[in-house]
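Sequential numbering of the sequence shown, starting at 3, is according to the working numbering.
Don't be surprised by glycine CBs; every beta carbon is placed ideally from N, CA and C.
Owing to the predicted nature of the structure, the values given are computational and were not obtained by experimental measurement.
Single-structure report; data block below.
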Amino acid sequence: RFFRAMGCIPVSSGDGPKALAESFRRARAYMLSGQAVCIFAEGEISRHGQMQRFKKGFERMVEGAPVPIVPVHLDELWGSLFSFSEGRLLFKRPRRLPYRVTVSFGAPLPGTATAFEVRQSILALGAAAFRHRLADAPPLPLAFARTAKRRPFAPCLADSTGVSLNALSALTGAHLLGRVLEPLVGEGERVAVMLPPSVGGALANVALALRGKVLINLNYTASKDVVDACLAKAEAATVVTSRRFVEKLGWERSGRKIYLEDAASAVEGVSKVLTAALFFLTPSFILERTAFSKARGPLDRTATIVFTSGSTGKPKGVMLTHENILANLEAVAQVISIGPEDRLLGVLPFFHSFGFTATLWLPLRLGMGAIYHFNPLDASTIGRLVSQTRATALLATPTFLLAYLRRVEAEKFKTLRYVVVGAEKLREEVAKAFIAKYGVTPLEGYGATELSPVAALNIPDIAWPGIKQTGTKLGTVGQPLPGVFMKIVDPETGRELGADQPGLLLVKGPNVMKGYLGDEAGTREVLKDGYYVTGDIAKIDEDGFVTLTDRLSRFSKVGGEMVPHIKIEESLQDALGALEPAFIVAGVPDDRRGERLVVLYKGNLDVDAILKALDALSLPRLWIPDRENFHRVEEFP
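If you want it as structure tokens, here you go:
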């Protein structure tokens with residue numbers, strides 16, 4: 003009665019076809035009389051924080067009518083009392099009062115626009131509106147300081163050596179370590195760190211961030227020449243590392259070194275107690291203007307430089323700002339329900355963008371405990387740590403999951419609620435084997451260092467009485483995160499394509515990098531009109547799920563036909579029937595056909611039997627490599 007009195011046309015999920023048809027008839031009559039009609043095209047309220055597929059009812063409503071469709075986006079509704087965040091409606095504490103939302107209006111679309119096109123237009127508005135969420139956000143180290151002040155005695159950092167710190171101790175330790183390191187690292191803004199995922203590695207990063215430094219975590223698995231090139235490009239003269247870690251690596255690395263053991267010994271025990279007491283009693287706004295004043299500054303300043311070889315082999319310094327990383331953290335927190343009661347097992351190195359954002363800053367920002375181990379393939383230790391600490395979240399790669407499947411008993415992983423994987427394709431067979439053994443679905447995501455890094459993610463399905471909302475589709479990389487807009491364009495013409503049409507994937511949002519360090523030409527090549535040109539071939543379905551089909555650079559033109567390498571690799575793997583990746587396909591020049599396909603494989607395989615099985619998969623003849631182009635290798639490059 004209330005809604006009808008306010009001029010609304012209520013539509014119930016229990017309405018039959020006749021009632022629905024009558025609702026749309028009334029709405030169309032109202033619209034044709036010259037009035038505006040507002041419709042929520044999802045048809046139901048989101049239970050998991052992602053926008054639902056748009057129903058096609060409004061297409062019928064405007065059919066043949068000379069009216070525009072105005073896209074409207076409402077941002078920050080998720081988290082309000084009237085959303086289903088935290089799994090319930092109304093009965094929860096609001097994040098702030100008054101509660102602010104952003105309403106964005108887009109350019110009118112023609113009445114012939116499809117549900118998919120309207121949804122895409124609204125998602126684009128959402129990416130632009132997302133920056134307003136960060137208007138009052140503090141830089142990364144201050145965000146951690148505020149979280150630590152709210153829950154000072156909550157578990158914060160621990161590692162496999164037995165070290166364990168609560169939030170107040172971690173904040174105190176980082177502050178005191180930063181005071182010792184500051185005169186040692188000098189006036190330069192950029193400081194390199196070479197430490198594994200550990201309490202010491204996390205504290206060193208936070209300590210330097212609190213002193214206003216730009217962090218450069220070095221890839222300690224790279225060659226000496228690569229490390230030297232990264233240091234030279236970043237103009238970072240100092241490397242903060244550990245004497246024990248350098249000895250374990252077995253050879254000296256470049257740069258002037260400051261050893262964490264020496265710096266830590268300079269922090270007196272009495273200072274820790276007094277500083278902790280002071281931090282506990284002093285309000286955050288005072289600390290941010292005194293002890294943490296050097297961490298203050300605009301969010302568009304560089305927080306880290308992550309070196310990545312990408313597909314070129316030459317190290318590129320990706321500059322990520324505080325805004326880039328905070329936007330990624332905010333978006334992930336909206337769709338993955340994690341908080342102070344959760345524990346994250348961190349095995350990804352901080353020199354990897356996934357590790358830097360999700361393993362280091364995500365738990366610090368959200369107030370969840372992090373437990374680190376330096377070797378992601380040490381399955382027995384990882385299983386023990388998950389069991390002992392009752393960890394609920396694990397970030398990994400599909401390769402790591404294979405190691406855990408072989409060596410970790412199901413009982414050890416029983417506390418895990420979230421397993422998020424990225425960096426390489428998750429094959430369905432591996433996902434299904436993991437689900438069967440551990441009862442938890444690996445959530446595959448997609449990203450790039452240039453995207454801070456997560457851009458799309460599968461999330462848990464929602465199943466309530468009478469309500470089922472899909473969050474995960476195996477074989478896809480999920481939906482774009484809130485605030486991230488993706489579109490598919492024709493690689494040659496740039497024309498935007500519709501649902502389920504494969505093309506070049508472009509990404510826009512506040513998570514897109516600032517640029518490449520000292521490489522304006524390279525930056526212009528991949529950042530065009532605010533979009534990051536991924537180089538990936540993908541498609542987006544009507545539900546908004548993204549499926550990667552190949553890299554633009556991983557096609558061969560054989561006899562004038564574009565042949566995708568990844569599809570052939572998947573077919574070879576299916577023919578072999580094994581979980582372990584066994585094939586790499588490449589293209590080489592060929593005088594007769596332009597290019598020919600070459601297959602590298604590991605192990606003692608029966609190539610003739612595989613080719614016979616490949617024939618049964620009904621691939622086009624041009625897609626099947628010749629027998630003489632199979633080459634056995636000991637290891638893949």
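Residue i versus residue j: straight-line alpha-carbon distance, rounded
i: E191; j: K530; result: 29 Å
i: G596; j: A588; result: 13 Å
i: E544; j: M53; result: 12 Å
i: S313; j: H567; result: Residue placement at S313 cannot be trusted, given a pLDDT of 46 that sits under 50; what the coordinates show is reported in the next sentence. Using only the alpha carbons, I get a separation of about 15 Å.
i: R258; j: V241; result: 6 Å
i: L403; j: F5; result: 51 Å
i: V193; j: F353; result: 13 Å
i: A117; j: F56; result: 6 Å
i: S658; j: Y32; result: The requested residue 658 does not occur in the structure, where the chain is confined to residues 3 to 639.
i: L640; j: N168; result: No answer is possible for residue 640: the residues shown for the chain start at 3 and end at 639.
i: K416; j: G441; result: 8 Å
i: R623; j: E563; result: 11 Å
i: H134; j: T104; result: 8 Å
i: W466; j: K250; result: 51 Å
i: A21; j: L79; result: 29 Å
i: L459; j: E446; result: 6 Å
i: Y261; j: S200; result: 15 Å
i: V388; j: Y603; result: 34 Å
i: V609; j: P444; result: 32 Å
i: E637; j: G108; result: 52 Å
From the options, residue whose alpha carbon lies closest to that of residue i
i: K414; options: K434, P185, Q390 and E237; result: Q390
i: L34; options: K489, E65, D538 and V491; result: E65
i: T383; options: L602, N513, E119 and Y406; result: Y406
i: S87; options: T536, V337 and E572; result: V337
i: K318; options: L79, T401, N221 and F107; result: N221
i: R181; options: F56, G203, T277 and F287; result: T277
i: N330; options: H75, F107, L142 and F436; result: L142
i: K439; options: S454, E411, A457 and A450; result: E411
i: V479; options: G524, Y374, D227 and F547; result: F547
i: F60; options: G113, F557 and K475; result: G113
i: L364; options: E332, F84, L379 and G385; result: E332
i: G500; options: K510, V509, L508 and K489; result: K489
i: S166; options: Y374, R303 and L125; result: Y374
i: V275; options: A335, T174 and S48; result: T174
i: L127; options: G477, L186 and P512; result: P512
DSSP beta-bridge partners of residue i
i: T310; result: K318
i: V242; result: V195 and I260
i: G505; result: A540
i: V216; result: R192
i: W466; result: I469
i: D161; result: Y374
i: F107; result: V74
i: Y534; result: V509 and L529
i: L396; result: L347 and V421
i: R553; result: D538
i: T323; result: T304
i: D592; result: G596
i: R634; result: Y603
i: N168; result: P157
Contact check, residue i vs residue j, beta carbons under 9 Å
i: A29; j: I41; result: yes
i: A172; j: V195; result: no
i: F356; j: A425; result: yes
i: I218; j: I307; result: yes
i: T323; j: A305; result: yes
i: I461; j: K470; result: no
i: L183; j: R153; result: no
i: L346; j: A147; result: no
i: T394; j: R429; result: no
i: P482; j: A450; result: no
i: L83; j: L76; result: no
i: L616; j: Y448; result: no
i: V269; j: L179; result: yes
i: F132; j: L197; result: no
i: A435; j: R409; result: no
i: A265; j: L186; result: yes
i: K541; j: A129; result: no
i: G203; j: A239; result: no
i: F26; j: R62; result: yes
Meets three-Cβ-pair contact criterion under 8 Å: the segment 90–99 and the segment 147–159: Taking a cut-off of 8 Å for Cβ pairs, the segment 90–99 and the segment 147–159 do not touch, as fewer than three such pairs fall below it.
At least 3 beta-carbon pairs within less than 8 Å: the segment 5–15 vs the segment 501–510: Result no; under three Cβ-Cβ pairs closer than 8 Å.
At least 3 beta-carbon pairs within less than 8 Å: the segment 516–535 vs the segment 575–585: no
The segment 481–498 contacting the segment 362–371, beta-carbon criterion three pairs below 8 Å: Counting C-beta pairs closer than 8 Å gives fewer than three between the segment 481–498 and the segment 362–371, which falls short of the contact rule.
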